[in-house]
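In order, the protein sequences belong to chains A and B.
Taking our numbering, the leading residue of the first sequence gets 1, the next gets one more, and so forth.
Taking our numbering, the leading residue of the second sequence gets 178, the next gets one more, and so forth.
Note that CB positions come from ideal geometry on N, CA and C, so glycine has one too.
Being a predicted model, the structure only gives us computed values, none of them experimental.
For reference, the structure discussed in these notes is given below.
2 protein chains.
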Amino acid sequence: MHVTLIAAQSLDGYITYHAKPGSAFTSEADKQHFRAALKQFDCRVMGSETYRVTRDMTRRAAAAGVLVIVVTRDPSRYADEALPGRLLFSSGSPGEILVQLEQAGRKRCALLGGSKTHSFFLAAKVIDEIWLTIEPRLFGGGTRLLDEPTDTVLQLLGRELLGGDTLLLRYAVGRRS
Amino acid sequence: MHVTLIAAQSLDGYITYHAKPGSAFTSEADKQHFRAALKQFDCRVMGSETYRVTRDMTRRAAAAGVLVIVVTRDPSRYADEALPGRLLFSSGSPGEILVQLEQAGRKRCALLGGSKTHSFFLAAKVIDEIWLTIEPRLFGGGTRLLDEPTDTVLQLLGRELLGGDTLLLRYAVGRRS
Chain A
1 MHVTLIAAQS LDGYITYHAK PGSAFTSEAD KQHFRAALKQ FDCRVMGSET
51 YRVTRDMTRR AAAAGVLVIV VTRDPSRYAD EALPGRLLFS SGSPGEILVQ
101 LEQAGRKRCA LLGGSKTHSF FLAAKVIDEI WLTIEPRLFG GGTRLLDEPT
151 DTVLQLLGRE LLGGDTLLLR YAVGRRS
Chain B
178 MHVTLIAAQS LDGYITYHAK PGSAFTSEAD KQHFRAALKQ FDCRVMGSET
228 YRVTRDMTRR AAAAGVLVIV VTRDPSRYAD EALPGRLLFS SGSPGEILVQ
278 LEQAGRKRCA LLGGSKTHSF FLAAKVIDEI WLTIEPRLFG GGTRLLDEPT
328 DTVLQLLGRE LLGGDTLLLR YAVGRRS
């Protein structure tokens, strides 16, 4: 299983504008990139807050055949939301979740937030790549890309101007020795 | 007076590695860039913590003719450190500090941290450019680029690979309407 964290942040590292949930602050160039990028993945993992914010879009993708697993401490709370074999809710470890996706025949996983889920998977050393959109904004506050301290070394794979002043940086995830 | 904020951060927006003061985490490529970049400025402004961390280097630059103003709430505390006309300590506003530099005939100011000083000058709308080195690291904790919420729009001026996986991004500072 190949896992790619996909996110957009302000230059100073916030994935939300102040306390406002979701990524409404992102540019049209990023939204186009995000839609196109998602087509390269046959499964998605996200936290429950990201699920709530992207619920309609996520359920449409699941209905169309993308296997989605939502990470939550309390899967029973979402019993009415689950779509068997398509949209699942799990309190498992990153390793367990990825095994579950593999057993369903999936090969490329998009990790879609939020910061807790990013850190949960990063700490488990299962993230292969990070595709990070850098919006030309400074927020000085909001939700961070990561929720826990780490010391992770990256290798730059690519940099691309998505449009306007918005950059896409792609990194492979290494590990500080 | 043209003011350029110069800093280096992890990809996720930290200008220190966790709680460790200073920028020892930066790459050799960034250190070379930083030394070369500073030659383009005839004055420097920094907060008192940045002064303490860079004291020897900063005093050498002041002795060599760069006018340095250290922003502090308590200039009297540094009475023994001051070098008249070269290294000054001020509790003035950003506007007052820049006037003082202009009256000394200076034209290009490098703003060198830390996060409180960045936010102090950003809120006063006196920063013209931001030159931000992006190190290929994730820290998940540390001192942030900015200390206060803002909503500042930037224009991308340039992007450059400094060496290895280290990027330099240059932005002009606009203002969200």
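When we look at the beta-carbon of residue i and count the other beta-carbons within 10 Å, is it buried (16 or more) or exposed?
i	result
A/E135	buried
A/H2	exposed
A/V68	buried
A/P84	exposed
B/Q209	exposed
A/R44	buried
B/D251	exposed
A/A19	exposed
A/D165	buried
Going along chain D, which residues have a C-beta under 8 Å from residue i?
i	result
B/Q209	Considering every chain present, this structure includes no chain D. Its protein chains are A and B.
With DSSP collapsed to three states, give me the class of residue i.
i	result
A/E96	helix
B/V303	coil
A/T117	helix
A/L50	As written in the sequence, residue 50 of chain A is Thr, which differs from the Leu given in the question. The answer is helix: DSSP assigns A/T50 an H, G or I state.
Give me whichever residues DSSP pairs with residue i in a beta bridge.
i	result
B/T310	B/A185 and B/L345
A/S90	A/V71
B/K197	B/Y194
B/Q217	According to DSSP, which records beta bridges pairwise, B/Q217 is partnered with nothing at all.
B/A287	B/T181 and B/R221
A/V66	Per DSSP, none; premise fails for A/V66.
B/R332	In the sequence on display, residue 332 of chain B carries Gln and not Arg. DSSP lists B/A349 as partners of B/Q332.
Please return the same chain residues whose Cβ sits closer than 7 Å to the Cβ of residue i, not counting the five positions on each side in sequence.
i	result
A/G158	R170
B/S354	Annotation note: pLDDT 44 at B/S354 (below 50); position unreliable, no value reported.
B/V230	P198 and G199
B/E279	M178
B/A259	L265 and F266
Let me check you understand the geometry: is the CB of residue i closer than 7 Å to at least one non-hydrogen atom of the ligand HEM?
i	result
B/T227	Although the ligand HEM was asked about, the structure shown includes no ligands whatsoever.
Looking only at its chain, what residues have a beta carbon closer than 8 Å to the beta carbon of residue i, apart from the 5 residues adjacent to it on each side?
i	result
A/L138	S10, L11 and D12
A/A24	Y17
In chain order, what residues of the same chain lie with their CB nearer than 6 Å to the CB of residue i, ignoring the 5 residues before and after it?
i	result
A/E49	G114
A/A62	V68, L83, R86 and L87
Contact residues within the segment 110 to 125 of chain A, judged by C-beta distance below 8 Å to chain B: S119 and L122
Please list the residues of the segment 5 to 19 of chain A that have a C-beta atom closer than 9 Å to any C-beta atom in chain B, keeping them in chain order. So the close ones are Q9, S10, L11, D12, G13, Y14, Y17 and H18.
Would you list, in chain order, the members of the segment 318 to 330 of chain B that have their beta-carbon closer than 9 Å to a beta-carbon of chain A? G318, G319, R321, L322, L323, D324, E325, P326, T327, D328, T329 and V330
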